[in-house]
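*Asks:* In my numbering, the protein residues as written are 145 to 593. The beta carbon of each residue, even a glycine, is placed where N, CA and C say it ideally should be. For clarity, every value in this text was computed on a predicted model and none was experimentally measured.
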Amino acid sequence: MSIQTVIMAAGQGTRMRSSTPKVLHPILGKPMLWYSLRAAQTVSDDLPVVVVGHQAGQVRRFAEGQARFAVQEQQLGTAHAVEQARPLLEGQAETILVTSADMPLISAETLHSLAEAQQAHPGPMTMLVAESDSPRGFGRVVRDDGGFVRAIVEEADATPEELAIRLLNVGVYAFEAAWLWDALRRVPLSPKGEYYITALVELAVRDGLNVQALTLANPEESIGVNTRVHLAEAAAAMRRRINTRWMLAGVTLLDPATTYIEPEVAIGRDTIVWPNTHLRGGTTIGQECELGPNTYILDTQIGNRCKVFASVLERAIVEDDVDIGPFGHLRKGAHLARGVHMGNFGEVKNSYLGPGSKMGHFSYLGDATLGANVNVGAGTITCNYDGERKNPTRIGDNAFIGSDTMLVAPLVLGENARTGAGAVVTKDVPSNSLAVGMPARVIRKFEKP
Ligand code: UD1
Ligand code: CA
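#1: Under 9 Å, do residue 469 and residue 439 count as touching if we go by C-beta distance?
#2: Given a cut-off of 9 Å, decide if residue 568 and residue 537 are closer than it, judged by their beta-carbon atoms.
#3: Determine the extent of the alpha helix (DSSP H) in which residue 240 is found, giving its start and end residues.
#4: What residue range does the beta strand (DSSP E) around residue 556 cover?
#5: Compute every distance between the C-beta of residue 391 and the non-hydrogen atoms of ligand 2, then say whether any falls below 8 Å.
#6: Who does residue 434 pair with in a DSSP beta bridge?
#7: Would you kindly report the start and end of the unbroken alpha helix (DSSP H) that includes residue 263?
#8: Just the C-alpha distance for residue 218 and residue 288, rounded to the nearest angstrom, thanks.
#9: Less than 9 Å between the C-beta atoms of residue 192 and residue 200, yes or no?
#10: Would you kindly check if the distance between the Cβ of residue 521 and the Cβ of residue 575 is under 9 Å?
#11: For the alpha helix (DSSP H) that residue 374 lies in, which residues bound it at each end?
#12: Under 7 Å Cβ to Cβ from residue 207, same chain only, skipping five residues before and after it: list those, please.
#13: Evaluate residue 189 with the Cβ neighbour count: other Cβ atoms within 10 Å of its Cβ, from every protein chain shown; 16 or more gives buried, anything less gives exposed.
#14: Relative to the alpha-carbon of residue 479, which residue among 389, 443, 164, 304 has its alpha-carbon at the smallest distance?
#15: Specify the secondary structure class of residue 577 as computed by DSSP and reduced to three states.
#16: Less than 6 Å between C-beta atoms, sequence neighbours within five positions excluded: which residues of the same chain meet that for residue 514?
#17: So, at 6 Å on beta carbons, what are the nonlocal neighbours of residue 395 in its own chain, with the 5 sequence-adjacent residues on each side left out?
#18: Counting pairs of beta carbons, one from the region 280 to 296 and one from the region 221 to 239, are three or more of them closer than 8 Å?
#19: What are the complete alpha helix (DSSP H) segments, minimum 4 residues, inside the region 189 to 214?
#20: What's the call for residue 330, buried or exposed, on a 16-neighbour Cβ count within 10 Å?
#21: Cβ of residue 145 within 8 Å of any heavy atom in ligand 1?
#22: What are the boundary residues of the alpha helix (DSSP H) that residue 222 is part of?
#23: From 404, 378, 316, pick the residue whose C-alpha is nearest to that of residue 123; which is it?
#24: Which two residues bound the contiguous alpha helix (DSSP H) that contains residue 183?
#25: Considering only DSSP beta bridges, list what residue 473 is partnered with.
#26: If you reduce the DSSP assignment to three classes, tell me which class residue 166 lands in.
#27: What's the gap between the Cα of residue 155 and the Cα of residue 264?
#28: Give me the DSSP bridge partner(s) of residue 467.
#29: Quick check on residue 152: does DSSP put it in helix, strand or coil?
#30: With DSSP as the reference, please indicate the residues paired to residue 586 in a beta bridge.
#31: Where does residue 364 sit, in a helix, a strand or coil, going by DSSP?
#32: Could you check how far apart the C-beta atoms of residue 254 and residue 365 are, in whole angstroms? I think they sit under 8 Å.
#33: Tell me whether residue 305 is buried or exposed, calling it buried when 16 or more other Cβ atoms sit within 10 Å of its Cβ.
#34: For residue 453, verify whether its CB is less than 8 Å away from any heavy atom of ligand 1.
#35: Could you check how far apart the C-beta atoms of residue 505 and residue 487 are, in whole angstroms? I think they sit under 8 Å.
#36: May I ask whether a heavy atom of ligand 1 can be found less than 8 Å away from the beta carbon of residue 201?
Dropping the structure here:
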């Protein structure tokens with residue numbers, strides 16, 4: 145049976161006290177809405193319909209291409225939000241799944257189970273419920289002896305007995321579509337002046353129809369985000385979920401509580417992650433690596449058996465058997481070939497270091513291309529910027545750059561070229577030559593070693 149999904153995302157999110165729309169607040173580097181979109185996309189062949197309203201432009205811009213949009217000009221409540229999807233969805237599916245963009249932990253599996261439960265159920269709706277001792281302001285679910293739902297009472301309207309109910313409305317529902325589109329027209333205005341989706345329960349009961357409840361297997365999924373306190377809770381739960389997945393896949397996390405792995409990161413087996421390590425964006429890590437402690441890696445590809453200690457890597461490529469740090473910094477376009485050693489206080493930007501090259505101490509390489517087995521002495525700097533242009537430096541295989549060499553680009557150093565300590569190199573150095581001084585001059589030709 146066909147399914148269509150609706151994600152409610154029009155509310156203002158007043159309690160966030162933010163100029164950013166609530167659903168765009170990030171959890172592990174992705175806007176909350178990203179998680180709802182991803183889960184919804186797995187249950188339907190068609191793109192989810194996101195109901196936008198408050199700061200609609202920004203929300204749309206983020207979700208463009210991943211969703212269709214229904215605009216709710218005025219936020220008149222959750223039933224009114226779903227009503228806005230009618231022109232796109234009425235007559236398009238047997239089952240309508242409704243979820244909220246402020247519930248990022250609802251998993252694809254849960255949405256599947258909910259849709260399946262509804263499709264196997266003769267009644268008009270199945271709602272997701274959670275049992276919990278901390279009600280977090282959720283609507284309380286009133287049931288009859290048969291376990292069927294009679295009503296949802298919002299906290300503000302609940303009697304003391306109702307407040308004691310531990311069964312909570314998670315705010316995710318599957319509806320029989322034809323019934324939904326009819327019943328939405330009959331939702332009454334609440335005392336607060338809104339049209340609540342929760343009123344559909346009482347409408348079903350009044351129609352003499354059974355409302356089914358599906359209990360969340362993992363109550364953590366019900367963490368909804370209304371405040372920044374909730375945001376931190378949701379982020380912590382998401383982090384635990386992702387970290388658990390990687391540990392079960394064969395990755396050692398020495399301290400999962402201080403390990404931050406974003407959802408699109410991939411990590412190979414037998415890699416060990418030390419505390420306070422952040423793996424961000426589209427980062428991929430090979431097998432048997434050792435990362436951290438205190439390491440930040442963004443959008444970087446790392447091969448097998450690499451060690452990265454107390455370093456920052458951004459938009460870089462690192463091949464197998466490389467070790468970096470402590471206090472290394474790879475910036476955009478840094479590419480370290482197999483077996484490169486980069487010791488403390490090195491910075492590399494838009495540069496290639498050939499296999500086996502070494503840069504042990506206090507160096508900056510920018511816009512440079514190094515061959516294999518180049519030794520970059522302590523304190524070597526590529527002076528790549530002349531105030532107007534970024535200029536390239538090329539260094540041949542087996543070159544030996546003396547400590548504290550200034551390489552004033554553009555510059556080419558041939559294979560086996562050498563520079564003396566403190567050289568300020570302003571002219572190309574041919575292969576098999578040693579240049580010294582300030583500015584450096586070639587003093588000697590020598591035979592290839
Ligand atoms: C809602 C439920 C409550 C449930 C809780 C679980 C209602 C009336 N109450 O309360 O029973 O326990 O979720 O999280 O539904 N939205 C719109 N347009 C609107 C109003 C809201 O798109 O006019 C969106 C919001 O952006 C949000 C979602 O609907 O994504 C839920 O709205 P919110 O105001 O957060 O409802 P809760 O008070 O959390
Ligand atoms: Ca909410």
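*Replies:* Reading from the atomic positions:
#1: yes
#2: no
#3: Residue 240 -> not in any alpha helix (DSSP H); beta strand (DSSP E) instead, spanning 239 to 244.
#4: 555 to 557
#5: no
#6: 416, 451
#7: 252 to 263
#8: 35 Å
#9: no
#10: no
#11: 372 to 392
#12: 177, 181, 194
#13: exposed
#14: 443
#15: strand
#16: 497, 498, 501, 539
#17: 411, 415
#18: no
#19: 200 to 207
#20: exposed
#21: no
#22: 222 to 227
#23: Coverage of the chain is limited to positions 145 through 593, which leaves residue 123 absent and any answer about it impossible.
#24: 176 to 185
#25: 456, 491
#26: helix
#27: 32 Å
#28: 451, 485
#29: strand
#30: 579
#31: helix
#32: 6 Å
#33: exposed
#34: no
#35: 5 Å
#36: no
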